[in-house]
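Chemist:
2 protein chains.
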Amino acid sequence: MTSFPPPLSGSAQDETAELRPRFDDNGLVAAIAQDAVTGEVLMLAWMNAEALEKTIETGRATYWSRSRGALWIKGETSGHTQDVVEIRVDCDQDAILLKVRQTGGACHTHRESCFYRRVEDGALSFTDKPD
Amino acid sequence: MTSFPPPLSGSAQDETAELRPRFDDNGLVAAIAQDAVTGEVLMLAWMNAEALEKTIETGRATYWSRSRGALWIKGETSGHTQDVVEIRVDCDQDAILLKVRQTGGACHTHRESCFYRRVEDGALSFTDKPD
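Spelled out as structure tokens, the structure:
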């Protein structure tokens, strides 16, 4: 169950002061987690309406795991939680930006960020090692 | 036509030094644009294989416009181009992070970033005005 009203049309959606997430055909919006202190982009995940509601209510980043098909309170198993400092939405409200205080590594590979490889000369170079 | 090899299974995908984007059922990966200087997250868009190839080849951020169903060289019409400083991929390679030098506003609403509204007390507060 969701309490969010539906998206508006055209530019009204860009300028509304109401939270009207535009969920995709799978009921999801993309969610970017950014370290509130360093500005580093940590990960990209997905939220359904329930995950977004829980994130707002609890102040703990909560996603929808597409692989498990279940709500995913970040760090519930690993301890690598994300305390939400700020939540932003983009112009058409189909993407969320969380500014978080990250405990431990954000990535399941035990790295700080999921974006630990740089595209270089057609291959990938590693910028971080697992802790 | 794409020249990218397919994703690997499990953790091999996380640790490969090969660029093996995991495109979704629509042939897309999510792409985050981040200001290379300020660290501000500017926008979230989508890339198909061709958009990713063009971005790598040209050093100009190129996306796939889902609404127009066409390749979208960022700033081609508006002049608000994104020069790519660095391209990163996430662990399972279904998301791209572009660090860019942004000319003009990244958002079609003439704001610096698309993430100009903060979720606050169940509503949205604006953090930026159109230029």
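Those sequence lines, one after another, are chains A and B. For the first sequence, position 123 (counting from the first letter as 1) is numbered 122 according to numbering that gives the first Met the number 0, and the numbering increases by one without interruption. For the second sequence, position 106 (counting from the first letter as 1) is numbered 105 according to numbering that gives the first Met the number 0, and the numbering increases by one without interruption. Ideal Cβ placement from N, Cα and C applies to all residues, glycine included.
1. Which residue's Cα is closest to the Cα of B/S77: B/R117, B/T108, B/D13?
2. Looking at A/G38: is its Cβ nearer than 7 Å to the Cβ of B/G38?
3. Using the beta-carbon count (16 or more within 10 Å), is A/V36 buried or exposed?
4. Classify A/S112 as helix, strand or coil using the three-state DSSP reduction.
5. Candidates B/M46, B/W45, B/A29: which alpha carbon is nearest A/M42's?
6. Give the straight-line distance between the Cα atoms of A/R21 and A/R87, rounded to the nearest whole angstrom.
7. In the DSSP assignment, find the unbroken beta strand (DSSP E) run with A/A50 in it and report its ends.
8. Please work out which residues of its chain come closer than 8 Å, Cβ to Cβ, to A/D13, disregarding the five sequence neighbours upstream and downstream, and give them in chain order.
9. Look up B/D13 in the DSSP assignment and say whether it is helix, strand or coil.
10. DSSP on A/V28, reduced to helix/strand/coil?
11. Report the rounded CA-to-CA distance for A/S2 versus B/M46, giving the unit in angstroms.
12. Which of helix, strand or coil does DSSP assign to B/E85?
13. Classify A/E119: buried if its beta carbon has 16 or more other beta carbons within 10 angstroms, exposed otherwise.
14. Hey, quick one: how far does the beta strand (DSSP E) through B/R65 stretch, first residue to last?
15. Exposed or buried, which one is B/E111 when buried takes at least 16 other CB atoms within 10 Å?
16. Tell me the residue span of the beta strand (DSSP E) that contains B/L123.
17. Do you know offhand how far B/D127's Cα is from B/L70's?
Modeler: Reading from the atomic positions:
1. Minimum Cα distance to B/S77 is reached at B/T108.
2. yes
3. Counting C-beta atoms within 10 angstroms of its own C-beta, A/V36 has fewer than 16 neighbours from the protein chains shown and is therefore classed as exposed.
4. coil
5. B/A29
6. Going from the Cα of A/R21 to the Cα of A/R87 covers about 14 Å.
7. Taken as a continuous stretch (DSSP letters only), A/A50 belongs to no beta strand (DSSP E), being part of the alpha helix (DSSP H) at 48-57.
8. C90, D91
9. helix
10. strand
11. 31 Å
12. B/E85: strand per DSSP, three-state reduction.
13. Result: exposed.
14. From DSSP, B/R65 is part of no beta strand (DSSP E); its letter is neither H nor E.
15. buried
16. 122-125
17. Straight-line spacing of the CA atoms in B/D127 and B/L70 works out to 28 Å.
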